[in-house]
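S.K.:
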Amino acid sequence: MLEILDTTLREGEQTPYVNFTIDEKIEIAKLLDQVGVEMIEAGDPSVSPNVAKAIQRIAGLGLKAEIVAHSIAARSGIDKAKACGADRVAIFYATSKIHLDSKLHKTQDQALDIIREHIAYARELGLKVRYTPEDATRTEFEFLVSVCNMAIEAGADRISFADTLGIMQPHTMAERVSALRERLLPCQIDLHCHDDYGLALANGMAGIRGGANCIHTTVNGMGERTGIPDLAETIVAFHNLEGVQKYNLAPLMELASYLERVSGFFLAPNKPITGQNAFSHKSGVHTNGILKDPRTYEPFDPALLGRERKIVIDKYTGKSAVASRLDEYGIEVTPAELEVIVTRIKSMGDDRKQLFDSDILQIAEQVTGREIDVIPHTINAMVMLEVESHVYTASVVRRLREFTNVKSVYEITGDFDVSAFVDVEDVMALNNLIEEIRTVQGVKRSETRMVLKKYNGK
Ligand code: HCA
Ligand code: CU
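Residue 466, in the working numbering, is where the sequence shown stops; the numbers in between run on with no holes.
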């Protein structure tokens, strides 16, 4: 049965430019515990005093998950892991020739001694031990087997088969893990798969088939370079495709958005499972199918994650999607009117990047000749920002452009320096977005103007 170790707080904090506060880490750990991951890797206490403090606070929360501290093979790090109250220390020491020669300047024999000594030391302190042969997938196989078996004899009950550079493929992973499983003394095998080729989760799934026990994840797939498997993708893939139903899916979306907010690391709209477009449908053929039976174009019901499907209206749209959108607003049109509305939408869509509900309502108003007195479900607003004098306005603009709901950004004259045009689903989302924007470094003050009605120019 699959186990998950989530390392958002350790590997995830190794994402370029990401740092969490202690309180944020505590919140993340609590949400992870609600999901039911078996292990939370809470940090490497040698990194900084606050990382150590966060591990200590998390270890004191009494969560169900086992709390793991990461450490290089050094007594000081292992002592700190113990002092933090972690249940387990994960000691990593590279084993590939390139890492031994170029980085550590150690022979294989020296490496064996160092690893054995530090595992034994951690065991003397009463810690459970995972040993990670860093860069395991580029390590000479026979040496890997001897290091791991020596580590198990020294007291490690878990080995993390680390694909540090993300160079495995599903079939090589399955083969390698089953070969390793055959040669190793009894132990649990973790898979730490980096996503350099976009294969991390596929490799993890293949490794579990090969006989491994546990996959390492982070929320939103954060981590060094391109990160490791995303927690939500991993859980939903195993839930739907492999029948692993022991995790609680309810907090996954909240975790993803919370992480976006506190990390400033935003999801691509096409990100599987949690991305904005994961359940959006656009072409006439697709939307028509979806409206008749969502199973035509949805691999699973978005309600599984508390999400809703979305039908995008633009030049690809067919009549059924437009009729259904008008219906949502309680607007009745005749078949002839519908025909004209769709034609106008298509021609407007030809010249525009995005059509908003206000555009669709306006077209309906023009075509039917009846005033439509409804407020569009989507909200447009102008968010004006004053930028601190010591910060480059361009750097704030650059950050704003990364928010998916920010449609355009202007540098302006007057009391404010920047104005952003945003498009969100509701007032709550607007409120969250403004809060996020306020966290952008250099933003001193903000003022928001909500759009009540929008007119298009020629
Ligand atoms: C790193 C270490 C590590 C460790 C993985 C693990 C890796 O290089 O930062 O302990 O399971 O990718 O090898 O994250
Ligand atoms: Cu890693």
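The C-beta atom is built at its ideal place from N, Cα and C for all residues, glycine as well. Computed from a predicted structure; not experimentally measured.
Just to confirm my understanding: we take Leu263, look at its own chain, exclude 5 residues before and 5 after, and list those with CB closer than 8 angstroms. What are they?
M.R.: For the purposes of this step, residue 263 is identified with residue 255 of the sequence shown, where counting begins at 1. Cβ within range, chain order: Ile36, Leu39, Leu40, Val43, Val227, Leu239, Ala240.
S.K.: What's the call for Gly368, buried or exposed, on a 16-neighbour Cβ count within 10 Å?
M.R.: Start at 1 with the first residue of the sequence shown, and residue 368 comes out as number 360. Reading the sequence as shown, one finds Ile at residue 368 and not Gly. Classification for Ile368: buried.
S.K.: Ignoring anything shorter than 4 residues, give me the alpha helix (DSSP H) runs that lie fully in the stretch 228 to 253, in order along the chain.
M.R.: Complete alpha helix (DSSP H) runs here, min 4: 239 to 249.
S.K.: Going by the C-beta, is Ala170 closer than 7 angstroms to any heavy atom of the ligand HCA?
M.R.: If you number the sequence shown from 1, residue 170 lands on position 162. Yes, the Cβ of Ala170 comes within 7 angstroms of a heavy atom of the ligand HCA.
S.K.: Does the ligand HCA have even one heavy atom less than 7 angstroms from the beta-carbon of Thr140?
M.R.: Residue mapping note: residue 140 aligns to position 132 of the sequence shown, counting from 1. It does: the Cβ of Thr140 is within 7 angstroms (strictly closer) of some heavy atom of the ligand HCA.
S.K.: How about Glu148: is its Cβ closer than 7 angstroms to a heavy atom in the ligand HCA?
M.R.: Residue numbering aside, residue 148 sits at position 140 when the sequence shown is read from its first letter. The answer is no for Glu148.
S.K.: Look at the Cβ atom of Glu419, then the Cβ atom of Asp425, and state whether they are nearer than 8 angstroms.
M.R.: Position 411 of the sequence shown, counted from the first residue, corresponds to residue 419. Position 417 of the sequence shown, counted from the first residue, corresponds to residue 425. It is a contact, given that the beta carbons lie within the stated cut-off.
S.K.: Are Val341 and Ala372 close, meaning C-beta to C-beta below 8 angstroms?
M.R.: Along the sequence shown, one-based indexing puts residue 341 at 333. Along the sequence shown, one-based indexing puts residue 372 at 364. Yes, the pair counts as a contact, with Cβ atoms nearer than the cut-off.
S.K.: For the ligand HCA, I want to know if Asp198 counts as a neighbour, meaning its beta carbon is within less than 7 angstroms of at least one of the ligand's heavy atoms.
M.R.: Here the question's residue 198 lines up with position 190 in the sequence shown. Yes, the Cβ of Asp198 comes within 7 angstroms of a heavy atom of the ligand HCA.
S.K.: Output the boundary residues of the beta strand (DSSP E) element that contains Phe429.
M.R.: Taking the sequence shown and counting its residues from 1, the one referred to as residue 429 is at position 421. Looking at the DSSP string, the run of the beta strand (DSSP E) that includes Phe429 is 426 to 432.
S.K.: How big is the Cα-Cα spacing for Arg467 and Gly338?
M.R.: The structure shown does not extend to residue 467, since the chain is modelled only from 9 to 466, so the question has no answer here.
S.K.: Just list the residues that DSSP pairs Glu49 with in beta bridges.
M.R.: Along the sequence shown, read from residue 1 onward, the residue named residue 49 stands at position 41. Glu49 is bridged to Val76.
S.K.: Measuring alpha carbon to alpha carbon, tell me which of Ser271, Ile387, Asp381, Glu49 ends up nearest Ser168.
M.R.: Your numbering for residue 168 matches position 160 in the sequence shown. When only C-alpha atoms are compared, the closest one is Glu49.
S.K.: Any idea which residues DSSP pairs Gln196 with across the strands?
M.R.: Numbered from 1 along the sequence shown, position 188 holds the residue referred to as residue 196. BP columns for Gln196 point to Arg166.
S.K.: Within the same chain, show all residues whose beta-carbon is closer than 7 angstroms to that of Ala81, passing over the 5 residues directly before and after it, in chain order.
M.R.: If you number the sequence shown from 1, residue 81 lands on position 73. Here the set comprises Ile99, Tyr101, Ile122, Ile123, His126.
S.K.: Report back the beta-carbon spacing between Phe202 and Ala210 to the nearest angstrom; my notes put them in contact at under 8 angstroms.
M.R.: As a position in the sequence shown, residue 202 is number 194, starting the count at 1. As a position in the sequence shown, residue 210 is number 202, starting the count at 1. Contrary to the premise, residue 202 reads as His rather than Phe in this sequence. Not confirmed; about 13 angstroms, so no contact.
S.K.: Tell me whether the beta-carbon of Asp52 lies closer than 8 angstroms to the beta-carbon of Ser84.
M.R.: For the purposes of this step, residue 52 is taken as the residue at position 44 of the sequence shown. For the purposes of this step, residue 84 is taken as the residue at position 76 of the sequence shown. Not a contact, by the Cβ cut-off of 8 angstroms.
S.K.: Would you mind stating whether Gln22 and Glu232 have Cβ atoms separated by less than 8 angstroms?
M.R.: Locating residue 22 in the sequence shown gives position 14, where the first residue counts as 1. Locating residue 232 in the sequence shown gives position 224, where the first residue counts as 1. Yes, the pair counts as a contact, with Cβ atoms nearer than the cut-off.
S.K.: Is the number of C-beta pairs between the stretch 280 to 297 and the stretch 445 to 459 that are closer than 8 angstroms three or more?
M.R.: The stretch 280 to 297 is not in contact with the stretch 445 to 459.
S.K.: Grab me the residues of Ile387's own chain with a C-beta within less than 7 angstroms of its C-beta, minus the 5 sequence neighbours each way, in chain order.
M.R.: To locate residue 387, count along the sequence shown from 1; it is residue 379. Once the five neighbours on either side are set aside, the close Cβ partners of Ile387 are Val432, Asp434, Val435, Leu438, Met458.
S.K.: Across which residues does DSSP place Tyr139 in a beta bridge pair?
M.R.: Indexing the sequence shown from 1 puts residue 139 at position 131. Paired residues: Ile99, Ile167.
S.K.: Determine the DSSP secondary structure at Leu40, reduced to helix, strand or coil.
M.R.: Along the sequence shown, one-based indexing puts residue 40 at 32. In the structure shown, Leu40 sits in a helix (DSSP, three-state: H, G or I).
S.K.: Work out the CA separation of Cys222 and Lys136 for me, nearest whole Å.
M.R.: In the sequence shown, counting from the first residue as 1, residue 136 sits at position 128. In the sequence shown, counting from the first residue as 1, residue 222 sits at position 214. Their backbone Cα atoms lie some 16 angstroms apart in a straight line.
S.K.: Return the residue from the list Phe287, Ser328, Gly292, Thr295 that minimises the CA-CA distance to Asp309.
M.R.: Taking the sequence shown and counting its residues from 1, one reaches residue 309 at position 301. Among Phe287, Ser328, Gly292, Thr295, the Cα nearest to that of Asp309 belongs to Phe287.
S.K.: According to DSSP, simplified to helix, strand and coil, what is His224?
M.R.: Numbered from its first residue, the sequence shown carries residue 224 at position 216. Note: His224 maps to strand in three-state DSSP.
S.K.: Would you call the stretch 60 to 76 in contact with the stretch 86 to 94, where contact means no fewer than 3 C-beta pairs closer than 8 angstroms?
M.R.: Yes: at least three Cβ pairs fall under 8 angstroms.
S.K.: DSSP on Met176, reduced to helix/strand/coil?
M.R.: What you label residue 176 is simply residue 168 of the sequence shown in a count that begins at 1. The answer is coil: DSSP assigns Met176 none of H, G, I, E or B.
S.K.: How far does the alpha helix (DSSP H) with Ile12 in it reach, from first residue to last?
M.R.: What you label residue 12 is simply residue 4 of the sequence shown in a count that begins at 1. Premise fails: Ile12 lies in the beta strand (DSSP E), 11 to 14, not in any alpha helix (DSSP H).
S.K.: Where does Ile160 sit, in a helix, a strand or coil, going by DSSP?
M.R.: Looking up residue 160 in the sequence shown gives position 152. DSSP places Ile160 in helix when its eight states are reduced to three.
S.K.: Tell me whether Tyr266 sits in a helix, a strand or coil according to DSSP, three-state version.
M.R.: Mapped onto the sequence shown, residue 266 falls at position 258. Helix.
S.K.: Suppose only complete runs of 4+ residues qualify. What are the alpha helix (DSSP H) ranges in the stretch 274 to 334, listed by chain order?
M.R.: Runs found: 292 to 300.
S.K.: Assign Asn413 to buried or exposed, taking buried as 16 or more other Cβ atoms, counted over all protein chains shown, within 10 Å of its Cβ.
M.R.: Working through the sequence shown from its first residue, we reach residue 413 at position 405. It is buried - the Cβ of Asn413 has at least 16 other Cβ atoms within 10 Å.
S.K.: Tell me the DSSP secondary structure of Asn256 in three-state form.
M.R.: Counting from 1 along the sequence shown, the entry for residue 256 is found at position 248. In this structure, Asn256 counts as coil in the three-state DSSP scheme.
S.K.: Confirm, please, whether the CB-CB distance from Thr225 to Ile12 is below 8 angstroms.
M.R.: Working through the sequence shown from its first residue, we reach residue 12 at position 4. Working through the sequence shown from its first residue, we reach residue 225 at position 217. Taking 8 angstroms as the Cβ cut-off, Ile12 and Thr225 qualify as a contacting pair.
S.K.: Please name the residue or residues paired with Met390 in a DSSP beta bridge.
M.R.: Residue 390 sits at position 382 when you count from the first residue of the sequence shown. DSSP lists Phe429, Arg457 as partners of Met390.
S.K.: Work out the CA separation of Val448 and Val26 for me, nearest whole Å.
M.R.: Here residue 26 corresponds to residue number 18 of the sequence shown, with the count starting at 1. Here residue 448 corresponds to residue number 440 of the sequence shown, with the count starting at 1. Straight-line Cα distance between these residues: approximately 13 angstroms.
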